[in-house]
Structures are given as C-alpha cells and as structure tokens.
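Asker:
Protein chains: 2
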Amino acid sequence: MSPRRRDSTPGPTAAAALAESLRERILEGDPAPGTALREEELAQAHDLSRHTVRAALAMLGAERLVEVVPYRGARVATLDDAALIALQQLRAALETEAVRLLGDTHPSGWPIEVRAPIDAAIDALASAEGSADWSATTRAHAGVHRAIVAAADSPRIAEAHAHLEAEILLLLAQVRPDYPSGGLTAEHRSYVDALGREGGAAVREHLAHSTALIRAARAKNTN
Amino acid sequence: MSPRRRDSTPGPTAAAALAESLRERILEGDPAPGTALREEELAQAHDLSRHTVRAALAMLGAERLVEVVPYRGARVATLDDAALIALQQLRAALETEAVRLLGDTHPSGWPIEVRAPIDAAIDALASAEGSADWSATTRAHAGVHRAIVAAADSPRIAEAHAHLEAEILLLLAQVRPDYPSGGLTAEHRSYVDALGREGGAAVREHLAHSTALIRAARAKNTN
DNA sequence: ATGGGAACATTGTTACACAATGTGCCACGC
DNA sequence: GCGTGGCACATTGTGTAACAATGTTCCCAT
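Chains A and B, in that order, are what the protein sequence lines are. At position 29 of the first sequence (counting the first as 1) the number is 28 in numbering that gives the first Met the number 0, and the numbers step up by one without a gap. At position 192 of the second sequence (counting the first as 1) the number is 191 in numbering that gives the first Met the number 0, and the numbers step up by one without a gap.
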C-alpha cells in the first residue's frame, strides 16, 4: 500500500508497546525483581526483533524499572534499603514542593476543585482496600499521591513523581506493610487534612512513617 | 582474538560514547536547539550503524536534551517559557530539599567539609567569569549548584538535579542574561551565606531571580 | 582443592532491506 | 489565481542474519 495521509496519529511504536506491556507485568510483580530479561527470549515471545526488544528495555532502563548493564543484560530492578531511603528523599522533595506551590496558589485553603480529585482518589483507595486486592490497593494509594501532586499544576514535578510512583509500585509488589483493613484509607484522609495545616512537615512525617513500614516488611520477608 | 579475562572493565559502548559526544556538542550550543539530528547523517559522520545512532539518540531523549518524535525524527530540545518555569519549579523542589537535608544533618551550621567544596566551586566560577568565557561560566555556575546539592548526600536528588543541570546548560548556551563582570560570583557568595540562614526561602528567591533574568534575556533575543 | 583457559551464552554492533509515516510539491479543477 | 488531492520523496521503525565483544561456567591439569 502506498503511503497516504491519515485521519489519525499512528499507534505506539512496537518498542513502546512492548515497554508498556513489560512495565505492566513488572509492576504486577511477575517477573519479580532480579529476574533476568533475555533479549532473544523476549524477541521470540513477542514475535519482535532483538533490536525492538533492546529499544524497549532501554526505555524501561531509563525509567529505572529495569537495570541494564552493558554485556550482562537487563534485570528487573531491585531496591536495597539505601536506595529506598534515597528514593523517599527525592519523593519528599517533589511532594513537599508540590504542597508548597498549592499553598502559594491557595493561601486561604484548598478550594473544592483542588479537594475533589484528591477525595475521589481516597474513595478509590477505600474501595480497593475493601476488595482486599493488594495490587489494586497499591495502585489506588499511588493515585492519592498523584492527585495531590497533580493539583500543584507543575508538569515537571508531576512527571518526575510519576516515575517514582512506578518504582514504588515495583517495590510494593514484593512487600506488604502491615495495615489493618481500611487503615491506609483512614491514614490518608488524615494526611490530606494535615497537609493543608502543616504542609511540608506533614509530608515528611508521612514518608518517614511509610519508609519505616516498608523496611519492617522487607526485614520480615528476608527473615 | 578469543575471549579472555580482563583486568579492567570495558570502555563505554559505542552508543554511550556517541551520546556523550553529542551531549557535549549540544551543551556547547552547536547544533543549536531545534536542529534536526538525522540518523543516516550521524551514522556516516561517526562511522556507526543506524541502530547504534538510534540507541544514542534515545539516551539523549530520555535526558530531554533531544526531542524524539516517532516517524519525525530527533531534534535538539527547545524550551518555551512555560517549560522554563516548570523546570525551575522542579529545580526548586530538589535544591530546597537538599538544603533542608543539609540543615537536618548540620543543625549548628555547615562545617568546613561541607563548605569547602562549595567555596571551591565558587572560586572556579570567579575564574570562569574573569576569563569572559560564557560556556565556562555557565558550567562553573552549574558546578556551584551541583556542589550544594551534592553536600546533602542524597543520591537520587543529586542525580535528578544533574539531569536538570544539563537542560539548563542547553538553555543557557543560547541566551545570556545580563550580569556585570563578577556579578554571578558575588551573587552566589551571598546566596550560599543566605542558604545557611534562610534555607528554602533563599533557594526560591534565587531561582525566581534567575528565571526572571533568563526570560528577559530570551525576550531580548526574540525582539 | 585451586586456578587457568576454553567453551558457551548473551549482548553490542553491523550491513542491508523493507514497511510505515510525514512532508513537500505539482497538477488539476473551480 | 487559489485550494486541494495525491503522488513522490525523505526519513524513521523494524527485521534478518551475522559477527565482534564480553561475562560466566565448567573442565582439566597441577
């Protein structure tokens, strides 16, 4: 068929589509962190060339969901405790500044159009916790933080935060901090209220608590 | 030659080396923002295959120094005013949190081992301003901010900041804010002192000033 | 038991080809 | 003369096949 003007933009490239598919599976926890991702295997499994597979792995490498080491290959990323702390520090930087920008824009308090998407995200978290689906719960939890950051209307902070979100989902696919049923939702309702009052201090307290729970869960996993 | 155990790690891959070479040139302002980077041209100029060139362009795309659009190709990144503001907001997030972490670690003030590399970077900035070399000056300026962020010992904040630094160098390769000779150095000596006292407020004031100067310089360039 | 080296697995790169898409230009109709 | 459709062209995305380069594993000799 000869080229001709299209009425719509083309779909994602094959490499982008593979990256998306692998990203979804990785964030679901299968393949697990540390698993090698062999180019030829992926090429045959997805009926693609090694070139296309390599491009997809490079994309995931840039997102840090995959670790690519020259001549050694790609593996699903793992995260030690030092890396967890460093990641949470970066997360604190982004969420704190987002909350501060929100405060600048709304010095008299967050109006309903700021609160509504955040409250909706918390409601979604309540539903997920109620369904006892850990994957859905971690995604809904991420949605709450995403809604808060998005409200600041700072695209680069939002984008950087989205990348971290994926790394955190990868981590949480393998650990399960102790929360009583509904505990995450209650905690996040309080958290959002505290944000309006205390701003950055509330962010830091929340993330310190989160880090401690994750480390405790990981310690339990390795014992 | 048959494979044999090596006493050293291999050098960078050809794709990484090309990415590094292009990065250097882009940050020097040639090719200029908006310039198309044609795969076949680069392949012939560097005696590499298109696959290797594509891998290098993808790396630079991930760093946002290059904009890669499927089926349209790669161009040196450009930055409009909205993007500049968004970038500076992200920068504020990183530098503010770095300074806050420094304050946590050194509540009684920054000890000499924290100050020394920062002061050395400022001295390097003074030398660069004295030499009237704009490229050297923007790099030395970046070195000052890098030293401050590095002092916080938070690897993910430092790495995210390094990526922004490259984008800012790209921007500054094309504009030149008005500074009297030595003005940048004096301003940054005061800035570092203010950081110890005022922390995040000093960061925000500094970046707001920087944004205003850059926008003014860009406005002058387009008129 | 240990270490050197060969074999093997895997990745990085190359050459060449073709499919897919976007852009520009030309011709035709009004 | 102008606008639009369509074709040609340039460029990118992907594929095949091969080989160079590197890291790992295993075997054999000491």
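Beta carbons: idealized from backbone N, C-alpha and C, even for Gly. For clarity, every value in this text was computed on a predicted model and none was experimentally measured.
Let me know if GLU204 of chain A comes out buried or exposed under the rule of 16 or more other beta-carbons within 10 Å of its beta-carbon.
Answerer: Counting from one through the first sequence, the residue named residue 204 of chain A turns up at place 205. Per the 10 Å Cβ criterion, exposed.
Asker: Which first and last residues belong to the alpha helix (DSSP H) in which VAL143 of chain B is found?
Answerer: Here residue 143 of chain B refers to the residue found at position 144 of the second sequence. Here the alpha helix (DSSP H) through VAL143 of chain B covers 133–150.
Asker: Can you tell me which of A:ASP29, A:GLU186, A:ALA57 and A:THR95 puts its alpha carbon nearest to the alpha carbon of GLU38 of chain A?
Answerer: The sequence position of residue 38 of chain A within the first sequence is 39, counting from 1. When only C-alpha atoms are compared, the closest one is A:ALA57.
Asker: Beta-carbon separation of ILE84 of chain A and THR221 of chain A under 8 angstroms?
Answerer: In the first sequence, residue 84 of chain A corresponds to position 85, counting from 1. In the first sequence, residue 221 of chain A corresponds to position 222, counting from 1. Taking 8 angstroms as the Cβ cut-off, ILE84 of chain A and THR221 of chain A do not qualify as a contacting pair.
Asker: Write down every uninterrupted run of the alpha helix (DSSP H) in the segment 51–128 of chain A whose length is 4 residues or greater and which is fully enclosed by it, in chain order.
Answerer: Entirely contained in the segment 51–128 of chain A, the alpha helix (DSSP H) runs reaching 4 residues are, in chain order, 80–104.
Asker: For VAL148 of chain B, which residues of its own chain have a beta-carbon under 8 angstroms away from its beta-carbon, when the five flanking residues on both sides are left out?
Answerer: Numbered from its first residue, the second sequence carries residue 148 of chain B at position 149. Counting only Cβ-Cβ distances below 8 angstroms, and skipping sequence neighbours, we find LEU93, GLU94, ALA97, ILE156, ALA157 and HIS160.
Asker: Which value, in whole angstroms, describes the spacing of the CA atoms of SER134 of chain A and ALA76 of chain A?
Answerer: Position 135 of the first sequence, counted from the start, is the residue given in the question as residue 134 of chain A. Position 77 of the first sequence, counted from the start, is the residue given in the question as residue 76 of chain A. About 18 angstroms.
Asker: Cα separation between LEU59 of chain A and ALA201 of chain B?
Answerer: Looking up residue 59 of chain A in the first sequence gives position 60. Looking up residue 201 of chain B in the second sequence gives position 202. Answer to the nearest angstrom: the Cα atoms are 36 angstroms apart.
Asker: Do HIS144 of chain A and GLU164 of chain A have their C-beta atoms closer together than 8 angstroms?
Answerer: Taking the first residue of the first sequence as position 1, residue 144 of chain A is located at position 145. Taking the first residue of the first sequence as position 1, residue 164 of chain A is located at position 165. Yes, the pair counts as a contact, with Cβ atoms nearer than the cut-off.
Asker: So which of A:HIS140, A:ILE213 and A:LEU168 has the shortest CA-CA distance to GLU23 of chain A?
Answerer: The count along the first sequence starts at 1 and reaches residue 23 of chain A at position 24. Checking every option, the nearest Cα to that of GLU23 of chain A belongs to A:LEU168.
Asker: Ignore the nearest five residues each way along the sequence and tell me which others in GLY195 of chain B's own chain have a CB closer than 7 angstroms to its CB.
Answerer: As a working mapping, residue 195 of chain B is identified with position 196 in the second sequence. Answer for GLY195 of chain B: GLY108 and TRP109, listed in chain order.
Asker: Are LEU206 of chain B and ALA91 of chain B close, meaning C-beta to C-beta below 8 angstroms?
Answerer: Your numbering for residue 206 of chain B matches position 207 in the second sequence. Your numbering for residue 91 of chain B matches position 92 in the second sequence. Taking 8 angstroms as the Cβ cut-off, LEU206 of chain B and ALA91 of chain B qualify as a contacting pair.
Asker: Could you say which of B:ALA125, B:ALA193, B:ARG138 and B:ALA14 lies nearest to PRO179 of chain B if we only look at CA atoms?
Answerer: Within the second sequence, residue 179 of chain B is the residue found at index 180, counting from 1. Considering only alpha carbons, the answer is B:ALA125.
Asker: Compare the beta carbon distance of LEU101 of chain B and ALA151 of chain B with 8 angstroms and say whether it is the shorter of the two.
Answerer: To locate residue 101 of chain B, count along the second sequence from 1; it is residue 102. To locate residue 151 of chain B, count along the second sequence from 1; it is residue 152. Yes, the Cβ-Cβ distance between LEU101 of chain B and ALA151 of chain B is below 8 angstroms.
Asker: Closest by CA to ALA127 of chain A, which one among A:GLY142, A:VAL191 and A:PRO116?
Answerer: Position 128 of the first sequence, counted from the start, is the residue given in the question as residue 127 of chain A. When only C-alpha atoms are compared, the closest one is A:GLY142.
Asker: Are any of the Cβ atoms in chain B nearer than 8 angstroms to that of ILE213 of chain A?
Answerer: On the first sequence, residue 213 of chain A is found 214 positions in, with the first residue counted as 1. Taking Cβ atoms only, chain B never reaches closer than 8 angstroms to ILE213 of chain A, which makes this a no.
Asker: Who are ALA35 of chain A's beta bridge partners in DSSP?
Answerer: Along the first sequence, one-based indexing puts residue 35 of chain A at 36. According to DSSP, ALA35 of chain A bridges with A:ARG74.
Asker: Out of curiosity, what's the CA-to-CA distance linking LYS16 of chain A and PRO9 of chain A?
Answerer: The sequence position of residue 16 of chain A within the first sequence is 17, counting from 1. The sequence position of residue 9 of chain A within the first sequence is 10, counting from 1. Note that residue 16 of chain A corresponds to Ala in the displayed sequence, not to Lys. Going from the Cα of ALA16 of chain A to the Cα of PRO9 of chain A covers about 12 angstroms.
Asker: For a contact defined as C-beta to C-beta under 8 angstroms, what are the partners of ALA54 of chain B on chain A?
Answerer: Here residue 54 of chain B refers to the residue found at position 55 when the second sequence is read from its first residue. Simply ARG53, ALA54 and ALA57.
Asker: So is ALA31 of chain A buried or exposed if we call it buried at 16+ other beta carbons inside 10 Å?
Answerer: Position 32 of the first sequence, counted from the start, is the residue given in the question as residue 31 of chain A. With fewer than 16 Cβ atoms within 10 Å of its Cβ, ALA31 of chain A is classed as exposed.
Asker: The alpha helix (DSSP H) that contains ARG155 of chain B, what's its start and end?
Answerer: Indexing the second sequence from 1 puts residue 155 of chain B at position 156. That run of the alpha helix (DSSP H) goes 154–171.
Asker: Just to make sure I have the definition right: I need the residues of chain A whose C-beta is within less than 7 angstroms of the C-beta of ARG307 of chain B. Which are they?
Answerer: Since the first residue of chain B shown is 0 and the last is 222, residue 307 of chain B is not available in this structure.
Asker: Since I believe ALA81 of chain A is in contact with THR51 of chain A (beta carbons under 8 angstroms), could you give me their beta-carbon distance rounded to a whole number of angstroms?
Answerer: Counted from its first residue, the first sequence places residue 51 of chain A at position 52. Counted from its first residue, the first sequence places residue 81 of chain A at position 82. About 34 angstroms; that fails the 8 angstroms criterion.
Asker: Using a beta-carbon distance below 8 angstroms, is LEU100 of chain B in contact with chain A?
Answerer: Reading the second sequence from its first residue, position 101 is the one you call residue 100 of chain B. Closer than 8 angstroms: yes.
Asker: Short of 9 angstroms Cβ to Cβ, which residues in the segment 64–82 of chain A face chain B?
Answerer: Cβ contacts with chain B come from PRO69, TYR70, ALA81 and ALA82.
Asker: Which residues in chain B have a C-beta closer than 7 angstroms to the C-beta of GLU39 of chain A? List them in chain order.
Answerer: Stepping through the first sequence from its first residue, residue 39 of chain A is reached at position 40. Residues of chain B passing the Cβ test: none, with the nearest at roughly 16 angstroms.
Asker: Let me check understanding here. Comparing Cα to Cα, which of A:ALA215, A:ARG214 and A:GLY199 lies closest to ASP103 of chain A?
Answerer: Working through the first sequence from its first residue, we reach residue 103 of chain A at position 104. Taking only the C-alpha atoms, the option nearest ASP103 of chain A is A:GLY199.
Asker: Determine the DSSP secondary structure at GLY199 of chain B, reduced to helix, strand or coil.
Answerer: For the purposes of this step, residue 199 of chain B is taken as residue 200 along the second sequence, with counting starting at 1. Here GLY199 of chain B sits in helix by DSSP.
Asker: Could you list which residues in chain B have their beta carbon closer than 8 angstroms to that of PRO9 of chain A, in chain order?
Answerer: Sequence index remark: in the first sequence, residue 9 of chain A carries index 10 (1-based). In chain order: PRO69 and TYR70.
Asker: In chain A, which residues lie less than 7 angstroms from LEU93 of chain B when you measure between Cβ atoms?
Answerer: Walking along the second sequence from the start, residue 93 of chain B turns up at place 94. Within chain A, the residues near LEU93 of chain B are ALA92.
Asker: With a 10 Å radius around its C-beta and 16 neighbouring C-beta atoms as the bar for buried, classify ALA172 of chain B as buried or exposed.
Answerer: Here residue 172 of chain B is taken as the residue at index 173 of the second sequence, counted from 1. ALA172 of chain B comes out buried.
Asker: Check whether chain A comes within 8 angstroms of HIS105 of chain B, counting only Cβ atoms and requiring the distance to be less than that.
Answerer: Counting from one through the second sequence, the residue named residue 105 of chain B turns up at place 106. No, because no Cβ of chain A sits closer than 8 angstroms to the Cβ of HIS105 of chain B.
Asker: Please name the residue, chosen from B:GLY33, B:LEU86 and B:ARG49, that lies closest to HIS162 of chain B on a Cα-to-Cα basis.
Answerer: Along the second sequence, one-based indexing puts residue 162 of chain B at 163. Comparing Cα positions, the closest option is B:LEU86.
Asker: DSSP state of ARG24 of chain B, grouped into three classes?
Answerer: Numbered from its first residue, the second sequence carries residue 24 of chain B at position 25. ARG24 of chain B falls in the helix class under three-state DSSP.
Asker: Suppose you measure from the CA of VAL68 of chain B to the CA of GLU166 of chain A; what does that come to, to the nearest Å?
Answerer: Working through the second sequence from its first residue, we reach residue 68 of chain B at position 69. Working through the first sequence from its first residue, we reach residue 166 of chain A at position 167. Near 25 angstroms, if we compare the C-alpha coordinates of GLU166 of chain A and VAL68 of chain B.
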